[in-house]
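A.B. asks:
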Amino acid sequence: MRNKRVGIAVAGAVAVALLAGGGIAWAVRSGSDKPTATPTPAAPPTPSAEPTTPPPSPGADIDGPLDLLLIGVDTRVSIPGWEPHADAIMLLHVERGLEKAYLYSLPRDLRVKVPGHGNRKVTEAMSVGSRVSGNKQPSTEKGYQLLSKSLSGYTGIKQFQAGAILNFGGLDKLTDELGGIDLVVDQRVESRHRKPDGSLRPLRGGDYIGPQAVYQPGRRHLTGWQAIDYARQRYGLPDGDYDRQRHQRQLVGALLTKALGEGFDTDPAKVGPLIEALGDTFVYVGGRKPLEYAYALRNLSPDKITRVSLPGRGVGRGSGYLGEQLTAEGKGFVEAVADGRAAAYLAKHPQLVDK
């Protein structure tokens, strides 16, 4: 089942960045989140002496700053009672004025204080929070609540205005609906899980064997299964999970760029199949409706989203691995976001910006 943990954070980011960034902006303008049948002609309006002013679009009052939480969850739905884990975590910070944003990741093994449960890996906050007293079926939404509280305590961000939770199932179809994506592969990536034709490599003696798919540096066109496979790899990479996080952010940018380039922000007929690709893999958590954020963030194009890498290192006692912690430079960016100083901090630490 581990192959089904692929790309879930990427799909979460796409769900918020793509849908909020224009993919369903047409629905806001039309006043609905789906096309409707041709309306029955109404009686002519009664003339009025007073000129009428159309009401403001829902979400027109949102001016930022915004902090959106994007969670990829390992649910393993085939196993009854399996507690969801936050397999990957992305945060999208949108500055006041909604014209500039920052997309960054936190390690799934980051050590944080989980309220009521001591210091743990942040991935575990989702699982322990999902437990429901007297019920063997965990609640992903409850898990999100404890996870977001844990992240607030660590980052200093007092409130996440909205969150997207996804499991595997939609990303490959989403990518294929777009006709594949183009991105610049920044380092040689060998797949542990896929053969060159996309079929699964067999598992023998605790490891995968046989020929493997390889992603060479340079500008590449990826289909759905290739996008998922590329975004999940960490073994054999110099910086392991940190390289994987960067590749996931690259994929988010590529998906958003392709969607907007294909006119998904202006053509309602194209949007339906794209949203259906996510299906029931998407759970939205937030105080305002998604369509309100769609209108508010309608001008947030990919070139206005800065992707940021946060360096970290493993921590432990003796030979026992306890998790990850960000370096002072990485934690400094997180604190700068909470204080509204992200742009100024990156100006002094430009090496954190993804190339």
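With full-length UniProt numbering applied, the sequence shown covers 1 to 355.
Even glycine gets a Cβ: it sits at the ideal position worked out from N, Cα and C.
All values derive from a computational prediction rather than experimental measurement.
So, does the stretch 301-313 touch the stretch 99-119, judging by three or more C-beta pairs under 8 angstroms?
C.D. replies: yes
A.B. asks: Reducing DSSP to helix, strand and coil, say where H247 ends up.
C.D. replies: helix
A.B. asks: So, under 8 angstroms CB-CB, R108 and A88 are touching, yes? Tell me the CB distance rounded to an integer number of Å.
C.D. replies: 6 angstroms
A.B. asks: By the three-class DSSP mapping on this structure, what secondary structure does T306 have?
C.D. replies: strand
A.B. asks: Please name the residue in Y215, L178, W82, I165 whose C-alpha comes closest to that of P138.
C.D. replies: W82
A.B. asks: Assuming contact is defined by CB atoms lying nearer than 8 angstroms, are S92 and L106 in contact in what I supplied?
C.D. replies: Correcting the residue identity first, residue 92 is Leu in this sequence and not Ser. Contact flag unset, no.
A.B. asks: Buried or exposed, going by whether 16 or more other CB atoms sit within 10 Å of the CB of R298?
C.D. replies: buried
A.B. asks: Under the rule that 16 or more other beta-carbon atoms within 10 Å means buried, what is P80, buried or exposed?
C.D. replies: Here P80 is exposed: its Cβ has fewer than 16 other Cβ atoms, across all protein chains shown, within 10 Å.
A.B. asks: Going by the beta-carbon positions, is the gap between R219 and R232 smaller than 8 angstroms?
C.D. replies: no
A.B. asks: Kindly indicate the opening and closing residues of the beta strand (DSSP E) around K348.
C.D. replies: Per DSSP, K348 belongs to no beta strand (DSSP E); it is in the alpha helix (DSSP H), 342-348.
A.B. asks: Taking Y215 and V185 to be in contact with their CB atoms under 8 angstroms, please state how far apart those CB atoms are, rounded to whole angstroms.
C.D. replies: 5 angstroms
A.B. asks: Once DSSP output is grouped into helix, strand and coil, what is the label at S191?
C.D. replies: coil
A.B. asks: Would you list the one or two residues that DSSP bridges to L147?
C.D. replies: According to DSSP, which records beta bridges pairwise, L147 is partnered with nothing at all.
A.B. asks: To the nearest angstrom, report how far apart L147 and D229 are at their CA atoms.
C.D. replies: 26 angstroms
A.B. asks: Determine, using beta-carbon pairs with one atom in the stretch 162-182 and one in the stretch 244-261, whether at least three such pairs fall under 8 angstroms.
C.D. replies: yes
A.B. asks: Thinking C-beta only, is L291 closer than 8 angstroms to P58?
C.D. replies: Yes, Cβ-Cβ distance for P58 and L291 is below 8 angstroms.
A.B. asks: Report yes if the C-beta distance between D354 and R188 is below 8 angstroms; otherwise report no.
C.D. replies: no
A.B. asks: Ignore the nearest five residues each way along the sequence and tell me which others in D176's own chain have a CB closer than 6 angstroms to its CB.
C.D. replies: Cβ within range, chain order: G224.
A.B. asks: Considering only DSSP beta bridges, list what S105 is partnered with.
C.D. replies: M90
A.B. asks: Could you say which of E324, P217, L66, E262 lies nearest to G240 if we only look at CA atoms?
C.D. replies: Measuring from the Cα of G240, the nearest candidate turns out to be E324.
A.B. asks: Please list, in chain order, all residues of the same chain as H221 whose beta carbon is under 7 angstroms from its beta carbon, the five residues on each side excluded.
C.D. replies: G180, D182
A.B. asks: In whole angstroms, what separates the C-alpha of G330 from that of S309?
C.D. replies: 8 angstroms
A.B. asks: In terms of residue numbering, what span does the beta strand (DSSP E) encompassing Y321 cover?
C.D. replies: 320-326
A.B. asks: Any beta carbon from chain B within less than 8 angstroms of Y144's own beta carbon?
C.D. replies: Absent from the structure is chain B; it holds one protein chain and no more.
A.B. asks: Please say whether M126 and A162 have beta carbons closer to each other than 8 angstroms?
C.D. replies: Not a contact, by the Cβ cut-off of 8 angstroms.
A.B. asks: Pick out whichever of G97, V252, G316 has its Cα sitting closest to the Cα of A60.
C.D. replies: G97
A.B. asks: Around the Cβ of G287, are there at least 16 other Cβ atoms within 10 angstroms (buried) or fewer (exposed)?
C.D. replies: Around the Cβ of G287, a 10 Å sphere holds fewer than 16 other Cβ atoms; the residue is exposed.
A.B. asks: Which of the three DSSP states, helix, strand or coil, is assigned to K100?
C.D. replies: The DSSP-derived three-state label of K100 is coil.
A.B. asks: Which of the three DSSP states is assigned to R232 in this structure?
C.D. replies: Helix, per DSSP.
A.B. asks: Should G153 and K113 be called a contact, given that it needs their Cβ atoms to be closer than 8 angstroms?
C.D. replies: yes
A.B. asks: If you draw a straight line from the C-alpha of G314 to the C-alpha of K289, how long is it?
C.D. replies: 39 angstroms
A.B. asks: Looking only at its chain, what residues have a beta carbon closer than 8 angstroms to the beta carbon of residue 359, apart from the 5 residues adjacent to it on each side?
C.D. replies: Residue coverage of the chain in this structure runs from 1 to 355, which leaves residue 359 outside it and unanswerable.
A.B. asks: Is the distance from the Cβ of Y235 to the Cβ of R192 below 8 angstroms?
C.D. replies: yes
A.B. asks: Tell me, please, which residues DSSP counts as bridged to L222.
C.D. replies: I181
A.B. asks: Could you check how far apart the C-beta atoms of A213 and R194 are, in whole angstroms? I think they sit under 8 angstroms.
C.D. replies: 5 angstroms
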